[in-house]
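Structure first, commentary second.
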Amino acid sequence: MMKKKERIKNRKKRMKTTMRTTVALFAAAMLAFSCTDDATTGNEPLSPAGPVSFIVENDTRSAGELNTGNIASFSVYAHYTGTKAFATITGSDEGWTPNFMSGQAVTKTGGVWKYSPVKYWPAEPDEKVSFFALSPAPTGSNGVTAPAGDYTGGYPRIDFVPDVNPEKQLDFCVASSVDCTATQGAVPFAFRHTLTKITFSVKDISAKADLSLGIDRIILRNIGASGTLTFDATSAGFTWNITPGTVADYTLEQYSGHGSLPNLTMTNTMTNWSTPAGTLLLLPQTLGENATIETSLWVIYNGKRLETEIITSASIGGMTWPANKEVNYGLKYDIGSLTEMTIDPKITDWTNAKTNTGFTIY
Numbered sequence: 053m054m055k056k057k058e059r060i061k062n063r064k065k066r067m068k069t070t071m072r073t074t075v076a077l078f079a080a081a082m083l084a085f086s087c088t089d090d091a092t093t094g095n096e097p098l099s100p101a102g103p104v105s106f107i108v109e110n111d112t113r114s115a116g117e118l119n120t121g122n123i124a125s126f127s128v129y130a131h132y133t134g135t136k137a138f139a140t141i142t143g144s145d146e147g148w149t150p151n152f153m154s155g156q157a158v159t160k161t162g163g164v165w166k167y168s169p170v171k172y173w174p175a176e177p178d179e180k181v182s183f184f185a186l187s188p189a190p191t192g193s194n195g196v197t198a199p200a201g202d203y204t205g206g207y208p209r210i211d212f213v214p215d216v217n218p219e220k221q222l223d224f225c226v227a228s229s230v231d232c233t234a235t236q237g238a239v240p241f242a243f244r245h246t247l248t249k250i251t252f253s254v255k256d257i258s259a260k261a262d263l264s265l266g267i268d269r270i271i272l273r274n275i276g277a278s279g280t281l282t283f284d285a286t287s288a289g290f291t292w293n294i295t296p297g298t299v300a301d302y303t304l305e306q307y308s309g310h311g312s313l314p315n316l317t318m319t320n321t322m323t324n325w326s327t328p329a330g331t332l333l334l335l336p337q338t339l340g341e342n343a344t345i346e347t348s349l350w351v352i353y354n355g356k357r358l359e360t361e362i363i364t365s366a367s368i369g370g371m372t373w374p375a376n377k378e379v380n381y382g383l384k385y386d387i388g389s390l391t392e393m394t395i396d397p398k399i400t401d402w403t404n405a406k407t408n409t410g411f412t413i414y
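Note that the numbering used here has the sequence shown beginning at 53, numbered continuously upward.
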């Protein structure tokens, strides 16, 4: 039979636990932001110590590329690893696979970011959750496969295939925030472009007022067409591996639905040929030896296009396309030597609102 002192001690312990839980639930309600309406407690054995929420800053919009103004949704994979750092866990540890969020869709509704069911932070301040996000989310038909088919745990891996139609190509962005705890508040996500932005400029060095060259098609041939992105601890936050033996051709032209592409008459000044519709978003890679640029040219005489098409081609094999960068190919021609093309590539930051350095989701 329990002694009177022991009963009193246990009653005080229960009261203390109840008060702690009540305070935690009140803090959760105060921190819920946009996610309080349909909140649930999330995965066991996690305790309700405040919900995980997402908010995106406003920014300017740039058509065709993602930034904080036009990103519409993202998908989150999250690993609860107890008190262990994510980089130290192995296949036998808790959180080796995404046990906290697995493909959780987060969408913007009426300017507010929402997801359901809402997940709560672990109760203890030293318990960790690592988050990995991608946008756009996989749809089954947009070329994004997450996690990759051979994924068994650890840092998430995503398979990606760019569409061969430039008008359907995605600006595939990812972000990660590792070893987060409830004490830090909101989860910081700095999304980055994972692909390489390819643009073109053209010049006819001997163009004259009555005689010059026009261009209406550019084809990149034998380009690596399938790859796997792996999140990691590098400064970029990810690494690409191109699937061996997978290549494709990517075509930009005036007469295949790309109505905004110019049928450009060249001058002796380097001129940008890539409007937003004339930009390719492709996998970062070191190009194989068979990679080439092919262009379709026309002679313009006294403002009229002559009927003979001129095809030029040059190798671009061996060049490395970095992730989150723009590669502009400056193409130079000489009407006195119609079949020759000189290529002058330049690599610069992918300047698009704030996304060349990342945008933040709180």
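For each residue, glycine too, the CB sits at the ideal point set by N, CA and C. Fair warning: this is a prediction, and the values are worked out from it, not measured in the lab.
Between the alpha carbons of residue i and residue j, how many angstroms are there, rounded?
i: Trp402; j: Asn380; result: 11 Å
i: Ala432; j: Asn354; result: Past the edges of the chain, shown from 53 to 414, lies residue 432, and the structure says nothing about it.
i: Arg450; j: Gly289; result: An answer regarding residue 450 cannot be provided, because it is not within the stretch 53 to 414 covered by the chain.
i: Val181; j: Ala130; result: 7 Å
i: Ala124; j: Thr161; result: 9 Å
i: Leu222; j: Asp211; result: 13 Å
i: Phe126; j: Trp292; result: 20 Å
i: Pro240; j: Pro188; result: 18 Å
i: Thr344; j: Met393; result: 12 Å
i: Asp420; j: Leu272; result: No answer is possible for residue 420: it lies beyond the span of the chain, which begins at 53 and ends at 414.
i: Thr159; j: Val128; result: 11 Å
i: Pro169; j: Gly163; result: 19 Å
i: Gly330; j: Asp301; result: 15 Å
i: Arg209; j: Trp165; result: 25 Å
i: Thr248; j: Gly134; result: 37 Å
With a CB to CB cut of under 6 Å and the five nearest residues on each side skipped, what residues in its chain are close to residue i?
i: Leu415; result: As displayed, the chain neither begins before 53 nor continues past 414, which places residue 415 out of reach and without an answer.
i: Phe138; result: Ser182, Val230, Asp231
i: Gly192; result: none
i: Cys263; result: Note on residue identity: the sequence assigns Leu, not Cys, to residue 263. Cβ neighbours of Leu263 beyond the five flanking positions: Tyr353.
i: Arg269; result: Glu305, Ser348
i: Ser228; result: Phe184, Phe283, Gly289
With residue i and residue j assumed to form a contact (beta carbons below 8 Å), what rounded beta-carbon distance in angstroms separates them?
i: Ile294; j: Leu335; result: 6 Å
i: Met318; j: Ala259; result: 6 Å
i: Cys225; j: Phe183; result: That belief does not hold up - the Cβ atoms of Cys225 and Phe183 are roughly 14 Å apart, past 8 Å.
i: Ala375; j: Thr246; result: 6 Å
First and last residue of the beta strand (DSSP E) that includes residue i?
i: Gly382; result: 377 to 385
i: Thr303; result: 299 to 305
i: Ala227; result: 225 to 232
i: Ser127; result: 125 to 132
i: Asn293; result: 290 to 294
i: Tyr353; result: 344 to 353
i: Lys171; result: Counting along the chain, Lys171 falls outside any beta strand (DSSP E), and DSSP gives it neither H nor E.
i: Ile250; result: 248 to 256
i: Thr360; result: 356 to 367
Is DSSP giving residue i helix, strand or coil here?
i: Glu176; result: coil
i: Glu117; result: coil
i: Gly276; result: strand
i: Pro218; result: helix
i: Gly163; result: coil
i: Thr140; result: helix
i: Ala330; result: What sits at residue 330 in the sequence shown is Gly, not Ala. DSSP places Gly330 in helix when its eight states are reduced to three.
i: Lys398; result: strand
i: Ser312; result: For Ser312, the predicted structure reports a pLDDT of 47, less than 50, and the residue's modelled location is therefore unreliable. The matter cannot be settled from this model.
i: Thr235; result: helix
i: Gly266; result: strand
i: Pro103; result: strand
Please list, in chain order, all residues of the same chain as residue i whose beta carbon is under 8 Å from its beta carbon, the five residues on each side excluded.
i: Leu349; result: Leu265, Gly266, Ile267, Glu361, Ile362, Ile363, Thr364, Tyr385, Leu390
i: Pro397; result: Ile368, Met371, Val379, Asn380, Tyr381, Gly382
i: Asn95; result: Residue confidence for Asn95 is low, a pLDDT of 46 falling below 50, so the modelled location carries little weight; the figure read from the coordinates is stated next. Hits under 8 Å: Tyr132, Asn151, Phe152, Lys171.
i: Thr235; result: Pro177
i: Trp148; result: His131, Ile141, Thr142, Gly205, Gly206
i: Gly340; result: Asn274, Gly276, Val299, Gly369
i: Lys255; result: Met318, Thr319, Asn320, Thr321, Met322, Thr323, Gly382, Leu383, Lys384, Tyr385
i: Thr69; result: Confidence in Thr69 is poor, its pLDDT being 36 and thus under 50, which makes the residue's placement too unreliable to answer from.
Residues in its own chain within less than 7 Å of residue i by CB, not counting five upstream and five downstream?
i: Gly195; result: Phe212, Val213, Pro214, Asp215, Leu222
i: Ala285; result: Ala139
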